[in-house]
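Below you'll find the structure, written out as structure tokens, and then a few comments.
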Amino acid sequence: MIRNTFSILNGIGAKLERRLWKDGILTWDDFIDAKSINVISPDRKPAFDESLSIASGHLAEGNATFFARTVKRREHWRFFEDFNGEAVCLDIETNGYQPDRGGYVTVVGLYDGFEWRALTAGEDLTTENLNRELSGYKYLITFYGASFDVPFLMKTFKGVRFDMPHFDLCYAAKKLGMNGGLKKLEASLDIERDEDVKGMDGYAAVKLWELARRGNDDAMRLLMLYNREDTVNLMKIAGILYQRLKQSTGIEEYLSCGVG
Numbered sequence: 054m055i056r057n058t059f060s061i062l063n064g065i066g067a068k069l070e071r072r073l074w075k076d077g078i079l080t081w082d083d084f085i086d087a088k089s090i091n092v093i094s095p096d097r098k099p100a101f102d103e104s105l106s107i108a109s110g111h112l113a114e115g116n117a118t119f120f121a122r123t124v125k126r127r128e129h130w131r132f133f134e135d136f137n138g139e140a141v142c143l144d145i146e147t148n149g150y151q152p153d154r155g156g157y158v159t160v161v162g163l164y165d166g167f168e169w170r171a172l173t174a175g176e177d178l179t180t181e182n183l184n185r186e187l188s189g190y191k192y193l194i195t196f197y198g199a200s201f202d203v204p205f206l207m208k209t210f211k212g213v214r215f216d217m218p219h220f221d222l223c224y225a226a227k228k229l230g231m232n233g234g235l236k237k238l239e240a241s242l243d244i245e246r247d248e249d250v251k252g253m254d255g256y257a258a259v260k261l262w263e264l265a266r267r268g269n270d271d272a273m274r275l276l277m278l279y280n281r282e283d284t285v286n287l288m289k290i291a292g293i294l295y296q297r298l299k300q301s302t303g304i305e306e307y308l309s310c311g312v313g
């Protein structure tokens, strides 16, 4: 999808992007190779050509950091296919308070499509370990993470780095007219949870942490299972929302019709 995307260029929005597709300009290469494009000023095309050439080079090198800096976050969903194999889903649990009121992260869950693992407060949850884990990936997937998880981690772990494109499923779902929290979204997509934590919410996770701190092993087991379900389900949801967002752009219509 990203190589069909022209909205990464300043001054090109969804409407003009679709016009380009309609005129047979479906990929970055199509744009660059065209001597002229009806809807693009001749004065602006050379700069656009250069921008797309630079972006193409960084994409070929897998330089996700470049796109995290240069592409608007609302368009980061478009990188899902290109960086899916190097993506990590992230979800945190906290003690229920904000950082400026004694709040801290209790668990950070990470899932890459193959393995789920967690960093836990008082054990291995440190800035160094967080950065080490994140450094192995090029794409971040969260639910409401742009507003909660990432800012919370950055406030409580000084020096933690999030320098990759970020696919926030909460805002992606809203763009598709699907409102509500993660559990509601899962239900609408027929994604099941383990029976032991079905119906559990963030408040319950806070209470489980309090019990776990007092030595309740079963509470810790449930807290970890709850986080695992939150984190693992993000990957399933990301794939579904990505396909729906891609379809909503109209690009598949032009590709399937062989325009250009």
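The working numbering numbers the first residue of the sequence shown as 54 and each following residue consecutively. Glycine included, C-beta positions come from ideal geometry on N, C-alpha and C.
Can you say whether K211 is buried or exposed, counting buried as having 16 or more other CB atoms within 10 angstroms of its CB? Here the question's residue 211 lines up with position 158 in the sequence shown. Classification of K211: exposed, given that the 10 Å Cβ count is below 16.
Check the DSSP bridge columns for V141 and list the partner residues they point to. In the sequence shown, residue 141 corresponds to position 88, counting from 1. Looking at the DSSP assignment, V141 forms a beta bridge with L193.
Taking the alpha carbon of F101 as the point to measure from, which residue in L112, F84, T173 has its own alpha carbon closest? Within the sequence shown, residue 101 is the residue found at index 48, counting from 1. It is F84.
Please name the residue, chosen from E128, E139, R127, W130, that lies closest to N116 on a Cα-to-Cα basis. Stepping through the sequence shown from its first residue, residue 116 is reached at position 63. When only C-alpha atoms are compared, the closest one is E139.
Check whether the Cβ atoms of T284 and G175 lie closer than 8 Å to each other. Stepping through the sequence shown from its first residue, residue 284 is reached at position 231. Stepping through the sequence shown from its first residue, residue 175 is reached at position 122. Their beta carbons are not under 8 Å apart, which means T284 does not touch G175 by this criterion.
On the DSSP bridge assignment, give the partners of L163 in chain order. Against the sequence shown, residue 163 aligns to sequence position 110. Beta-bridge pairing links L163 to L143, R170.
Check whether the Cβ atoms of D254 and D202 lie closer than 8 Å to each other. Here residue 254 is taken as the residue at index 201 of the sequence shown, counted from 1. Here residue 202 is taken as the residue at index 149 of the sequence shown, counted from 1. Cβ distance not < 8 Å, so D254 and D202 don't count as in contact.
Is the CB of G110 under 8 Å away from at least one CB in chain B? Absent from the structure: chain B. Only one protein chain is present.
Straight-line CA distance for D216 to G77? Within the sequence shown, numbered from 1, the residue matching residue 216 stands at position 163. Within the sequence shown, numbered from 1, the residue matching residue 77 stands at position 24. If I take the Cα positions, the gap works out to 34 Å.
Compute the distance between the beta-carbons of F133 and F120, then report whether it is under 8 Å. Counting from one through the sequence shown, the residue named residue 133 turns up at place 80. Counting from one through the sequence shown, the residue named residue 120 turns up at place 67. No, they are not a contact pair.
Determine the contact status of V250 and L222, defining contact as a CB-CB distance below 8 Å. Translated into the one-based positions of the sequence shown, residue 250 becomes position 197. Translated into the one-based positions of the sequence shown, residue 222 becomes position 169. Contact: no.
Contact check, L187 vs L178, beta carbons under 8 Å: Here the question's residue 187 lines up with position 134 in the sequence shown. Here the question's residue 178 lines up with position 125 in the sequence shown. No, the pair does not count as a contact, with Cβ atoms beyond the cut-off.
Please state whether DSSP places F210 in a helix, a strand or coil. Walking along the sequence shown from the start, residue 210 turns up at place 157. Here F210 sits in coil by DSSP.
On the three-state DSSP scale, how would you describe V158? Reading the sequence shown from its first residue, position 105 is the one you call residue 158. Three-state DSSP puts V158 in a strand.
Kindly indicate which three-state DSSP category D177 falls into: helix, strand or coil? Taking the sequence shown and counting its residues from 1, the one referred to as residue 177 is at position 124. Coil at D177, not helix or strand.
From P152 to P95, what distance separates their C-alpha atoms? The residue given as residue 152 occupies position 99 in the sequence shown. The residue given as residue 95 occupies position 42 in the sequence shown. Using only the alpha carbons, I get a separation of about 52 Å.
Would you mind working out which of G156, D82, R281 sits nearest D247, comparing C-alpha positions? Locating residue 247 in the sequence shown gives position 194, where the first residue counts as 1. Nearest C-alpha to D247: R281.
Would you grab the beta carbon distance between I61 and V158 for me? Rounded to a whole angstrom, and I think it's under 8 Å. Here the question's residue 61 lines up with position 8 in the sequence shown. Here the question's residue 158 lines up with position 105 in the sequence shown. With a Cβ gap of about 33 Å, I61 and V158 do not count as contacting.
DSSP three-state assignment for F215, whether helix, strand or coil: Working through the sequence shown from its first residue, we reach residue 215 at position 162. It is coil, neither helix nor strand.
Helix, strand or coil: which one does DSSP assign to G64? What you label residue 64 is simply residue 11 of the sequence shown in a count that begins at 1. G64 falls in the coil class under three-state DSSP.
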